[in-house]
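J.: Under our numbering, the sequence shown has 266 at position 265, and the numbering climbs by one with no breaks.
Every residue, glycine too, gets a C-beta built ideally from N, C-alpha and C.
Since this is a predicted model, take the numbers as computed values, not measurements.
The structure is given below, and queries will be raised subsequently.
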Amino acid sequence: MNPSYDIQQMITKAAQQAVLELFGTEATEQQIQLQKTRKEFEGDVTLVVFPLVKISKKSPEQTGELVGDFMKNHVAEVVGYNVVKGFLNISLTPQFWLSFFHDILQEEKFGFEKPDSGKHVMIEYSSPNTNKPLHLGHLRNNFLGYAVSEMMKAVGHKVTKVQIINDRGIHICKSMVAWKNGGQGETPQSSGMKGDKLVGKYYVEFDKALKAQSAELIAQGINPDEAANKTKVMQEAQDMLRKWEAKDPEVMELWRKMNGWVYEGFDITYKAMGVDFDKLYYESDTYINGKEEVEKGLEKGVFFKKDDGSVWIDLTDEGLDEKAVLRKDGTAMYITQDIGTAILRFRDFPDLAYQIYTVGNEQEYHFKVLLKILKRLGFTQADQCYHLSYGMVELPEGKMKSREGTVVDADDLMSEMALVAEEVSKEQGKLEGLPEEEKKSLYHTIGMAALKFFLLRVDPKKNMMFNPKESIDFNGNTGPSVQYTYVRTVAVLRKAKESGYNIQAEMITHVDPASISKAEFDVIRKIYEWPEVLHGAAQGYNPADIAHYCYDLAREFNSFYHDHQILRETDEKLRLFRIALTAKTGETIRNSMNLLGIQMPERM
2 MNPSYDIQQM ITKAAQQAVL ELFGTEATEQ QIQLQKTRKE FEGDVTLVVF
52 PLVKISKKSP EQTGELVGDF MKNHVAEVVG YNVVKGFLNI SLTPQFWLSF
102 FHDILQEEKF GFEKPDSGKH VMIEYSSPNT NKPLHLGHLR NNFLGYAVSE
152 MMKAVGHKVT KVQIINDRGI HICKSMVAWK NGGQGETPQS SGMKGDKLVG
202 KYYVEFDKAL KAQSAELIAQ GINPDEAANK TKVMQEAQDM LRKWEAKDPE
252 VMELWRKMNG WVYEGFDITY KAMGVDFDKL YYESDTYING KEEVEKGLEK
302 GVFFKKDDGS VWIDLTDEGL DEKAVLRKDG TAMYITQDIG TAILRFRDFP
352 DLAYQIYTVG NEQEYHFKVL LKILKRLGFT QADQCYHLSY GMVELPEGKM
402 KSREGTVVDA DDLMSEMALV AEEVSKEQGK LEGLPEEEKK SLYHTIGMAA
452 LKFFLLRVDP KKNMMFNPKE SIDFNGNTGP SVQYTYVRTV AVLRKAKESG
502 YNIQAEMITH VDPASISKAE FDVIRKIYEW PEVLHGAAQG YNPADIAHYC
552 YDLAREFNSF YHDHQILRET DEKLRLFRIA LTAKTGETIR NSMNLLGIQM
602 PERM
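What follows is the structure in C-alpha cells.
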C-alpha cells in the first residue's frame, strides 16, 4: 500500500504534532494509541486520549476536543471529529478514500507481498497413519495447514508444504495381522473398496478380535489390565513388528503392499480436498535418523542412559519432566522419529528458517519437549518453530474412534456435502437453467466451500461442533454465502463488459466524492483493511481472521448492492465508479477466499 494511505502512520504523526504544539511536550509513539472506531460512533480511526492526559493536564474530553480541533485545521485528510469520553473519533475526507481506491484499483494482488521476499518456512500438515482412511479431524488439519501455507506465501514467505507419513509401528501391524488372518487375499480391486478404506476395515477387525480374546482371558481369571497384551492377536502383532524391524522379507512385502493401497486411496482424497504437498517424509525412514541423532546427543551429554538401557533427557529445569527418547531395547519412540525428521528437514533445506507443525492440541506437551530437545542439540531455529495446535471437531454423537469404526470418513463427508449443496440449491432454485454436468461440478465446489469455511472460521485453538446443514446456508456466515456474493459481482461485470466497459483507474477520476454514499465508502473502507487482516492472520497462523473478513466484505457489498443501481445508474461518472467498486470487491473476495483453499464459481 502507498505509504501516503497509511492511516496509522498519518494520524500518529499528526497527533504527535498536535500534542507538541498544544501542550509543549513530545508524545512518544507508545502514548499515541489508535484503534478502529466502533460501529456505533462516526469516524474512521479512534485516538485513545487517556495516555495524553498527563501531558495536557486537562480532562480526557478537553484534551480530545483540543487535539481533534487541531487535526481538523492542520491535517488535510481530516474532515471532522467527535469526542466520546476519553476517545477521539476522527473522520477522514471522502477524497482521501477515493484517492486510495483509485491507486489500488489495478493492483490485482492488493495486499500481497512479493513472492519469496520473506523467510523460508516449512509447514507440516495431514501426517496420517497408514492403517485407516482420513476422517473429519484430518479435514480440519488439512484445510488449516493448507490455508496457513497460502497465507504465508501471500505475505512473502517461501513455503514448503510437507507431511510425515506414519507408516510404521504396532498400529500398522494390527491391520496387517487382521488381513493375514482373515483377508483371504482381498484387494482394493477384488473388493471394489478404496485402498485406505480396505486397510482401515482390517484395523477395526483387529480391535474386534482383541476385545473378544481379552474377554475370554478375563473370564479365565487373567488381570483385565494385562489381558490385552496376552491375547493371541496382540502377540502376533508384536511379533510382526519385531520381524518388520528385522526386515523380514515376507513381512516387508506385505507392509509395502498394504501401504501402497493406502497411498492410492489417500491421493484420491487429497485431490477431492484440494490440498497438495511439496515433499513427503516417511517415519520408516526418519526413525532411523532419529536414533542416530539420539546416539550423537548421548555422546555430547544432551541425553543420559538409565540402568535399564533406556535413553532419556532431563528437562526439569525447563519446567518439563524427564522424557524417554529410546526404549530399553533400543527401539525408537514417536519423539525419536520427530527428532530425526526435524533435523533431516533442516539439512534438506539449508535456508529453512523454521517449521510449523499442524497437529491437534492433545500433542502440545509433545511439541514443547521436541522443540526443547532440538535447541539443546544445537538447532537455534527451534526458537521460531511453532506447534499450530487445534481443537477437536466434535459431533452430536460424541468423539470419534478409529479402532471402533465410529469415525466420520473424509470421503463420505465430502460426498455428503455435495449432496447437501444439491438439495439446498434445488430448494432455492439457485442453479436453474444450468447444464447438468455444470451443476454437478458446482455442487462439489459449493459443498467444499461450505465444509472448508465452516471448519476454518473457528479459531484453530477452539474445539468445534460440525453441522453440515448450517454450513451451507446461503444467507448465513458461510462459504456458499460468500461465493454467492462473488457471483453477483461477476454477473454485474459480465453485463458491463457486454455493454463495452473495461475496468481501469480512469473510470473513477472524475466522479464527485460528494455523490458517493456512505454504503459505498464502507465497502472501500473494508477493502482498505485487507492488508492488515492478511498480515495479522499470517502472523497469528489463524485463517479464521480471513474467513470473517470475507464474510464482512461480502456483507458490506450486499448492503450497497441492494440499495443502489449499478448498470442502470443515470449518472455516467457514478455508474463507472460503481462498476469499478464491484470489480475490486469481487477480486478481493476471490483472492482472500482462495487463500482458504476455496474455489469461486462464475455462476450459481
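1) My parser needs the alpha helix (DSSP H) runs of 4 or more residues fully inside the stretch 515-554; what are they?
2) Can you list the alpha helix (DSSP H) stretches of 4 or more residues lying completely in the stretch 212-236, in chain order?
3) What does DSSP give as the partner residues of GLN63 in its beta bridges?
4) Tell me the rounded alpha-carbon separation between TRP531 and TYR550.
5) On a Cα-Cα basis, can you pick out the residue from LYS202, MET235, ASN182 that is closest to LEU218?
6) Since GLN164 sits in a beta bridge, which residues does DSSP pair it with?
7) Roughly how many angstroms lie between the CA atoms of ASP315 and HIS172, to the nearest whole one?
8) Spell out a yes or no on whether the stretch 151-166 and the stretch 222-235 are touching, meaning 3 or more CB-CB pairs, one atom from each, closer than 8 Å.
9) For TYR487, which option in ALA539, THR586, LEU443 has the closest C-alpha, if you only look at C-alpha atoms?
10) What runs of the beta strand (DSSP E), each 3 residues or longer, lie entirely inside the stretch 254-298?
11) List in chain order: all unbroken alpha helix (DSSP H) runs of 4+ residues lying wholly within the stretch 440-500.
12) In the DSSP assignment, the alpha helix (DSSP H) including LEU23 goes from what residue to what residue?
13) Please return the same chain residues whose Cβ sits closer than 6 Å to the Cβ of LYS111, not counting the five positions on each side in sequence.
14) Starting from LYS37 and walking both ways along the beta strand (DSSP E), at which residues does that stretch end?
15) Can you tell me whether DSSP reads ASP410 as helix, strand or coil?
16) Using 8 Å for Cβ pairs, my map puts GLU284 next to ILE165. What's the rounded Cβ distance?
17) Hey, GLY501 and ALA148 are a contact pair by Cβ (cut 8 Å); roughly how many whole angstroms apart?
18) To the nearest angstrom, how far is the alpha carbon of LEU89 from that of VAL50?
19) Is VAL68 helix, strand or coil when you go by DSSP?
20) Hey, how far is the Cα of MET605 from the Cα of MET393?
21) Can the beta-carbon of VAL493 be found closer than 8 Å to that of LEU568?
22) At a cut of 8 Å, does the stretch 26-36 reach the stretch 46-61 through at least three beta carbon pairs?
23) Tell me SER92's beta-bridge partners as DSSP assigns them.
24) Use the C-beta contact count for ASP572: other C-beta atoms within 10 angstroms, 16 or more gives buried, fewer gives exposed.
25) Can you check the stretch 355-382 for any alpha helix (DSSP H) of at least 4 residues that lies completely inside it and give the ranges in chain order?
26) Can you tell me where the alpha helix (DSSP H) with GLU151 in it begins and where it stops?
27) Should PHE1 go down as buried or exposed, given a rule of 16 or more other Cβ atoms within 10 Å for buried?
T.: In this structure, then:
1) 519-529, 531-540
2) 225-231
3) According to DSSP, GLN63 bridges with nothing at all.
4) 8 Å
5) MET235
6) LEU281
7) 29 Å
8) no
9) THR586
10) 280-283
11) 469-472, 480-499
12) 8-24
13) According to the sequence provided, residue 111 is Phe. The question's Lys does not apply to it. Here the set comprises ILE105.
14) 34-37
15) strand
16) 6 Å
17) Contact doesn't hold; Cβ gap of about 39 Å is too wide.
18) 7 Å
19) helix
20) 32 Å
21) yes
22) yes
23) GLY81
24) exposed
25) 365-377
26) 137-155
27) Residue coverage of the chain in this structure runs from 2 to 605, which leaves residue 1 outside it and unanswerable.
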